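Enquirer:
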């Protein structure tokens, strides 16, 4: 079983399968940005930029796109 398959299995059991993986990843990214607060205009936070970019990429793909599993492995903790 590969790393992504293990992550999907654990996430599926821990979070339930009622929501789509895409919606759970999106909720996590949005929550992370909200917890970080507004960006500092004088300082570029590369992590915030990365999270925003990933959120944009996530919003641009269909429910069955492999990017969703990649982002789930990165942002959702099993």
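Numbering (our numbering), first residue to last: 7 to 84. We put the CB at the ideal spot given by N, CA and C, even for glycine. Keep in mind that this is a model prediction, so the values were computed, not measured.
1) Exposed or buried, residue 64, counting other C-beta atoms within 10 Å across all chains shown (16 or more means buried)?
2) With H, G and I counted as helix, E and B as strand and the rest as coil, what does DSSP make of residue 25?
3) Which residue wins for smallest C-alpha separation from residue 28, given the options 50, 37 and 77?
4) Taking the alpha-carbon positions, what's the residue 37 to residue 72 distance?
Expert: Considering the structure as presented:
1) Taking the first residue of the chain shown as 1, we reach residue 64 at position 58. Residue burial is scored here from C-beta neighbours: residue 64 has at least 16 other C-beta atoms within 10 angstroms and is therefore classed as buried.
2) Your numbering for residue 25 matches position 19 in the chain shown. Of the three classes helix, strand and coil, the one that applies to residue 25 here is coil, per DSSP.
3) In the chain shown, the residue the question calls residue 28 occupies position 22. Selected option, being the one with the closest Cα: 77.
4) Taking the chain shown and counting its residues from 1, one reaches residue 37 at position 31. Taking the chain shown and counting its residues from 1, one reaches residue 72 at position 66. Residue 37 and residue 72 have their C-alpha atoms roughly 22 Å apart.
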